[in-house]
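Asks:
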Amino acid sequence: MPRISRLTSAAALAAAISVLATACTGSSGTTASDDPADEVTLNFWHGWSAPSEVKAIEENIARFTAAHPNIKVKVTGNMTDDKINQALRAGGDKAPDVVSSFTTDSVGKFCNSGAFVDLNPFLAKSKIDKAKVFPQSLLNYTQFKGNQCTLPLLNDAYGLVYNKDAFKAAGITAPPKTWSEFTEVAQKLTRTKGDSYEQVGLMPTFHGYETTPMRLAAQWSPTYFTPDGKSNLAADPAFAKMLAAQKDLVAKLGGYEKLEKFRASFGDEWGAEHPFHKGQVAMQIDGEWRPNMAKEAGVTFEIGTAPLPVPDDQAADYGKGYVSGTIMGIASGSRKQNAAWELVRYMTTDTEAVVAFANGIHNVPSTLEALASPKLRVDENFKTFLDIARHPKSSTTPPQADGGTYQLTFTDLAYRHEKGAVGDLPAALATTDAQIDTDIAKAE
Amino acid sequence: MATVTHTLRRKRRRTALRTAAFMAPWLIGFGVFFAYPLVSTVYFSFTKYDGFRPPVFNGLDNWTYVFTQYPLFWPAMRNTLWLVVVMVACRVAFGLGIGLLVTRLKTGAGMFRTLFYLPYLAPPVAATLAFVFLLNPGTGPANTLLDAVGLPQPGWFTDADWSKPALTMLAVWGVGDLMVIFMAALLDVPKEQYEAAELDGAGAWQRFRHITLPNISPIILFAVVTGVIQAMQYYTQPLVAGKVAAGVIGGSGQQFEPGYPDKSTLTLPQIVYNTGFQRFDYGTACVLALVLFTLCMAFTALLMRRRGGLIGTGD
Numbered sequence: 001m002p003r004i005s006r007l008t009s010a011a012a013l014a015a016a017i018s019v020l021a022t023a024c025t026g027s028s029g030t031t032a033s034d035d036p037a038d039e040v041t042l043n044f045w046h047g048w049s050a051p052s053e054v055k056a057i058e059e060n061i062a063r064f065t066a067a068h069p070n071i072k073v074k075v076t077g078n079m080t081d082d083k084i085n086q087a088l089r090a091g092g093d094k095a096p097d098v099v100s101s102f103t104t105d106s107v108g109k110f111c112n113s114g115a116f117v118d119l120n121p122f123l124a125k126s127k128i129d130k131a132k133v134f135p136q137s138l139l140n141y142t143q144f145k146g147n148q149c150t151l152p153l154l155n156d157a158y159g160l161v162y163n164k165d166a167f168k169a170a171g172i173t174a175p176p177k178t179w180s181e182f183t184e185v186a187q188k189l190t191r192t193k194g195d196s197y198e199q200v201g202l203m204p205t206f207h208g209y210e211t212t213p214m215r216l217a218a219q220w221s222p223t224y225f226t227p228d229g230k231s232n233l234a235a236d237p238a239f240a241k242m243l244a245a246q247k248d249l250v251a252k253l254g255g256y257e258k259l260e261k262f263r264a265s266f267g268d269e270w271g272a273e274h275p276f277h278k279g280q281v282a283m284q285i286d287g288e289w290r291p292n293m294a295k296e297a298g299v300t301f302e303i304g305t306a307p308l309p310v311p312d313d314q315a316a317d318y319g320k321g322y323v324s325g326t327i328m329g330i331a332s333g334s335r336k337q338n339a340a341w342e343l344v345r346y347m348t349t350d351t352e353a354v355v356a357f358a359n360g361i362h363n364v365p366s367t368l369e370a371l372a373s374p375k376l377r378v379d380e381n382f383k384t385f386l387d388i389a390r391h392p393k394s395s396t397t398p399p400q401a402d403g404g405t406y407q408l409t410f411t412d413l414a415y416r417h418e419k420g421a422v423g424d425l426p427a428a429l430a431t432t433d434a435q436i437d438t439d440i441a442k443a444e
Numbered sequence: 001m002a003t004v005t006h007t008l009r010r011k012r013r014r015t016a017l018r019t020a021a022f023m024a025p026w027l028i029g030f031g032v033f034f035a036y037p038l039v040s041t042v043y044f045s046f047t048k049y050d051g052f053r054p055p056v057f058n059g060l061d062n063w064t065y066v067f068t069q070y071p072l073f074w075p076a077m078r079n080t081l082w083l084v085v086v087m088v089a090c091r092v093a094f095g096l097g098i099g100l101l102v103t104r105l106k107t108g109a110g111m112f113r114t115l116f117y118l119p120y121l122a123p124p125v126a127a128t129l130a131f132v133f134l135l136n137p138g139t140g141p142a143n144t145l146l147d148a149v150g151l152p153q154p155g156w157f158t159d160a161d162w163s164k165p166a167l168t169m170l171a172v173w174g175v176g177d178l179m180v181i182f183m184a185a186l187l188d189v190p191k192e193q194y195e196a197a198e199l200d201g202a203g204a205w206q207r208f209r210h211i212t213l214p215n216i217s218p219i220i221l222f223a224v225v226t227g228v229i230q231a232m233q234y235y236t237q238p239l240v241a242g243k244v245a246a247g248v249i250g251g252s253g254q255q256f257e258p259g260y261p262d263k264s265t266l267t268l269p270q271i272v273y274n275t276g277f278q279r280f281d282y283g284t285a286c287v288l289a290l291v292l293f294t295l296c297m298a299f300t301a302l303l304m305r306r307r308g309g310l311i312g313t314g315d
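Protein sequence lines, in the order shown, are assigned to chains F and C.
Residue 388 in the numbering used here sits at position 388 of the first sequence, with consecutive numbering throughout.
Residue 281 in the numbering used here sits at position 281 of the second sequence, with consecutive numbering throughout.
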């Protein structure tokens with residue numbers, strides 16, 4: 001074969017492969033032309049896995065199908081975001097039509113990439129004024145740049161869960177409200193045993209389950225981004241103050257290495273061997289699910305709940321906290337979007353459904369009406385989290401095009417800081433800002 | 001004459017067609033599972049592609065990002081190279097050592113072979129979980145034992161300086177596959193060569209150096225090359241060890257970046273997955289996959305070219 005002909009063939013092959021590769025990427029249709037009154041079966045994927053949670057989902061779906069007999073719902077539980085992402089990309093009949101995810105951090109990616117359809121037209125069609133249905137803080141983390149590609153499906157609020165018996169034994173009469181009180185109480189509750197601990201007041205390191213930099217930073221009311229979307233970690237003193245306060249607490253409770261060695265002996269966060277259940281920690285930064293999980297694990301001590309303390313100079317804002325939640329959206333590749341909307345609308349906006357589901361899995365309801373519903377089962381511990389969720393200064397981490405990558409970058413700095421590997425914190429915060437800006441620009 | 005030429009041509013064409021037909025299964029497999037994915041990967045590495053929207057050509061952006069701005073790349077690269085050098089060397093040395101031991105055992109050889117082979121059958125996740133438990137710095141039996149004999153107790157999977165040695169121990173524990181291969185090779189070495197050497201007064205080391213090694217050198221090369229490729233693809237064990245030691249099993253929507261502690265267990269395959277399927281950045285993931293592919297090819301080529309000098313073949 002002459003040389004030119006070989007080259008031409010190779011080029012043609014490469015071009016053909018490129019075209020093929022491009023064709024394989026597919027494109028998602030966003031027009032919803034299906035009739036919601038047709039007989040359809042929806043694929044609904046969610047992440048819950050505990051038997052009580054799965055039962056609550058099934059009961060909710062049963063109520064939905066009773067009201068919409070033409071729509072069958074095939075429910076698949078225990079789905080992670082990784083599996084969801086891959087199924088959404090692959091598309092096809094077996095891919096989910098409706099998805100719920102625990103990771104609100106993914107919303108920016110879902111909206112930015114067009115993985116989920118914008119629900120604004122659906123809300124308008126159903127004459128639902130989202131601002132009147134959902135608290136604003138929840139709307140903030142379910143949309144990205146005006147694209148409401150998800151809606152809140154229940155809410156999580158983070159506060160302090162504590163061992164009342166341990167408090168009594170240490171002579172502490174009330175939960176701490178300010179950071180300095182918190183540090184003092186945590187020290188009082190800490191009992192050493194040899195070169196380790198019998199009990200720590202709190203596991204303050206950032207690998208201590210929900211003790212993440214974002215949960216703590218919420219108490220300082222931080223601004224993660226400037227109005228023009230640039231990372232604001234170095235400019236907002238909230239971040240440096242939070243990191244300094246946490247590092248101080250780590251030092252006062254015995255130091256990073258000693259604490260991390262003790263932490264390595266902890267059981268699974270979602271199992272009965274959780275260190276709070278076992279009395280290894282007396283206070284736990286956690287969500288509203290913890291008191292019930294502890295009771296289900298058979299703890300014998302009395303459990304108290306309170307908002308997480310605030311910095312001393314923000315004592316007036318005591319009661320605020322970090323809020324997040326589960327989100328729900330419709331896959332842009334779905335050919336049953338109008339039927340899917342019926343399910344999303346029911347699950348996220350129907351007061352009876354939201355209250356029943358919240359009662360079933362001990363989460364905070366996500367609509368204003370459900371929050372005020374008399375049918376909502378509220379005990380003293382749960383009320384703490386309802387109040388945190390309703391607090392006007394409670395905040396969340398904003399959605400970004402790179403999902404939660406910016407939070408991981410910030411967390412990485414926090415890991416290095418808590419163990420004393422960051423010499424110049426302002427410079428490290430500025431470097432982190434630059435990295436976050438680069439990553440977001442790349443993802444947009 | 002013309003008829004003869006025509007017949008010959010037809011015969012040749014028939015032979016060519018038959019050859020092509022026999023080769024077709026391999027050619028199709030090669031095209032579908034190797035050539036097409038490779039060309040696609042190269043193509044996507046020059047695009048901005050999130051898997052949902054059509055890819056957009058962005059030149060060398062992904063390549064520049066990986067080498068100059070991606071904070072996970074260099075730690076993953078360093079860890080992968082560390083594992084390639086240390087873990088492969090340890091696995092080959094232990095595999096060969098145990099192979100030699102069990103082929104020389106007069107009694108209980110079967111039991112020892114079974115004992116050394118069994119760990120290889122343990123699923124990687126279960127084996128890793130067991131190691132994280134055994135090496136728990138606070139409650140694990142390994143540190144309890146070290147404490148009892150007055151030795152310092154490392155943090156193992158919670159200490160950045162010890163996490164890779166801990167992974168290497170895990171890999172060495174599961175060296176049963178190499179042991180079996182080396183055993184087969186060692187049993188194939190002609191006995192008369194050892195007898196002749198013994199008559200000439202050669203000691204144990206001389207017999208190993210001048211008879212055993214040259215005879216099994218192709219097997220050592222095979223073990224090294226496959227070991228390097230395995231180490232380059234090391235994913236499950238470091239991910240599971242990092243996750244469990246960090247206390248992240250899965251949860252209420254918390255994100256997890258692999259590599260705990262201090263990115264010390266981060267490997268290139270982990271960031272390929274993380275970048276592509278968690279960060280929605282296929283373009284960058286393709287660059288990383290190509291770096292991994294190139295490294296694998298380079299190591300293999302180097303080993304194949306240098307094999308004479310490296311392991312003293314008896315060719």
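All C-beta atoms in this analysis are idealised placements derived from N, C-alpha and C, irrespective of residue type, glycine included.
Just so you know, these numbers come straight off a predicted model, no measurement behind them.
1) Provide the residue span of the beta strand (DSSP E) that contains S101(F), from first to last.
2) When the Cβ atoms of the segment 135-150 of chain C are set against those of the segment 35-54 of chain C, are three or more pairs found closer than 8 Å?
3) Considering only residues of the same chain and omitting the five flanking positions on each side of A23(F), which have a CB-CB separation below 8 Å?
4) For the structure I just gave you, are there three or more beta carbon pairs, one from the segment 157-172 of chain F and one from the segment 109-116 of chain F, closer than 8 Å?
5) What first and last residue would you give for the beta strand (DSSP E) that runs through R191(F)?
6) With C-beta atoms as the reference, is G287(F) less than 8 Å away from A186(F)?
7) What's the C-alpha gap between I216(C) and V291(C)?
8) Which value, in whole angstroms, describes the spacing of the CA atoms of G423(F) and A298(C)?
9) Do the segment 377-393 of chain F and the segment 314-326 of chain F meet, that is, are 3 or more Cβ pairs less than 8 Å apart?
10) Taking W45(F) as part of the beta strand (DSSP E), name the residues at either end of that continuous run.
11) Which one or two residues does DSSP pair with N147(F) in a beta bridge?
12) How close, in whole Å, do the beta carbons of V107(F) and A331(F) come, if the pair is a contact with beta carbons under 8 Å?
13) Please identify the residue among M328(F), A50(F), E444(F), T396(F) whose C-alpha is closest to the C-alpha of A272(F).
14) Provide the residue(s) that pair with N58(C) in DSSP beta bridges, ordered along the chain.
15) By DSSP, does G276(C) sit in helix, in strand, or in coil?
16) So is R191(F) in contact with chain C if we call contact Cβ pairs under 8 Å?
17) Counting only the same chain and skipping the five closest in sequence on each side, list residues whose C-beta sits under 6 Å from that of A240(F).
18) How would you label A245(F), buried or exposed, when you count the other beta carbons within 10 angstroms and need 16 or more for buried?
19) Is W63(C) closer than 8 Å to V287(C) when the C-beta atoms are compared?
20) Using a Cβ cut-off of 8 Å, which residues of the segment 178-208 of chain C contact any Cβ in chain F, in chain order?
21) Straight-line CA distance for S28(F) to G333(F)?
22) Going by Cα to Cα distance, which pick from L343(F), W220(F), K295(F), T305(F) is closest to A67(F)?
23) Rounded to the nearest angstrom, how far is the Cβ of A446(F) from that of Q337(F), given a contact under 8 Å?
24) Report yes if the C-beta distance between D93(F) and N70(F) is below 8 Å; otherwise report no.
25) Would G423(F) count as contacting chain C if we go by Cβ distances under 8 Å?
26) Under DSSP, the alpha helix (DSSP H) around V228(C) begins and ends at which residues?
27) Need the endpoints of the beta strand (DSSP E) that D286(F) sits in, please.
28) Anyone know if the C-beta pair for A427(F) and L413(F) falls short of 8 Å?
29) Using a C-beta cutoff of 8 Å, does Y318(F) count as contacting chain C?
30) What did DSSP end up calling N163(F) once you bin it into helix, strand or coil?
31) Below 8 Å on the Cβ atoms is my contact criterion, and I expect I317(C) with Y194(C) to pass it. Report the Cβ-Cβ distance as a whole number of Å.
32) With a threshold of 8 Å between beta-carbons, can D50(C) be considered close to chain F, or not?
33) Using DSSP with H/G/I as helix, E/B as strand and the rest coil, what is F357(F)?
34) Short of 8 Å in beta carbon distance, which residues of its chain neighbour N274(C), apart from the five on each side in sequence? Order them along the chain.
35) Compute the Euclidean distance between the alpha carbons of H277(F) and F262(F), then round it to the nearest angstrom.
36) Out of curiosity, what's the CA-to-CA distance linking N78(F) and G171(F)?
Replies: So, from the data block:
1) S101(F) -> beta strand (DSSP E) spans 98-101.
2) Output reads no: the segment 35-54 of chain C does not touch the segment 135-150 of chain C.
3) The pLDDT assigned to A23(F) is 35, lower than 50, so where the model puts this residue is not dependable; a value taken from the coordinates is nonetheless given after this. Counting only Cβ-Cβ distances below 8 Å, and skipping sequence neighbours, we find nothing.
4) In the pairwise beta carbon analysis, the segment 157-172 of chain F is classified as not touching the segment 109-116 of chain F: fewer than three pairs are separated by under 8 Å.
5) Start and end: 191-193.
6) G287(F) places its beta carbon 8 Å or farther from that of A186(F).
7) Whole-angstrom Cα-Cα distance: 32 Å.
8) Annotation: G423(F) to A298(C) spans about 39 Å, alpha carbon to alpha carbon.
9) Two segments are said to touch when three or more pairs of C-beta atoms, one from each, lie closer than 8 Å; by this definition the segment 377-393 of chain F touches the segment 314-326 of chain F.
10) Segment 40-45, the beta strand (DSSP E) holding W45(F).
11) N147(F) pairs with F144(F).
12) Beta-carbon to beta-carbon, V107(F) and A331(F) are separated by about 14 Å, too far to satisfy the 8 Å threshold.
13) Selected option, being the one with the closest Cα: A50(F).
14) Note: N58(C) sits in no beta bridge, so no partner.
15) Three-state result, G276(C): helix.
16) Not one beta carbon of chain C lies nearer than 8 Å to the beta carbon of R191(F).
17) Once the five neighbours on either side are set aside, the close Cβ partners of A240(F) are L425.
18) Under this definition A245(F) is a buried residue.
19) In this structure, W63(C) lies closer than 8 Å to V287(C) by Cβ.
20) Along the segment 178-208 of chain C, there is no position whose C-beta sits under 8 Å from a C-beta of chain F.
21) Low confidence applies to S28(F): its pLDDT is 39, below 50, so where it sits in the model is not reliable, and the reading given next is rough at best. Those two C-alpha atoms are separated by around 5 Å.
22) Nearest Cα to A67(F) within the set L343(F), W220(F), K295(F), T305(F): L343(F).
23) Outside the displayed range of chain F (1 to 444) lies residue 446(F), so it cannot be described from this structure.
24) Taking 8 Å as the cut-off, the beta carbon of D93(F) is found no closer than this to the beta carbon of N70(F).
25) Closer than 8 Å: no.
26) Per DSSP, V228(C) belongs to the alpha helix (DSSP H) from 213-232.
27) For D286(F), the enclosing beta strand (DSSP E) has its first and last residue at 281-287.
28) No, the Cβ-Cβ distance between A427(F) and L413(F) is not below 8 Å.
29) Against chain C, the CB of Y318(F) has no partner CB under 8 Å away; the residue lies outside that interface.
30) The answer is strand: DSSP assigns N163(F) an E or B state.
31) There is no way to answer for residue 317(C), as the model of chain C reaches only from 1 to 315.
32) Chain F has a Cβ within less than 8 Å of the Cβ of D50(C).
33) Under the three-state reduction of DSSP output, F357(F) falls in the helix class.
34) For N274(C), where only same-chain residues beyond five positions count, the Cβ hits under 8 Å are L72, E257, P258.
35) Distance between the alpha carbons of H277(F) and F262(F) is about 15 Å.
36) Answer to the nearest angstrom: the Cα atoms are 43 Å apart.
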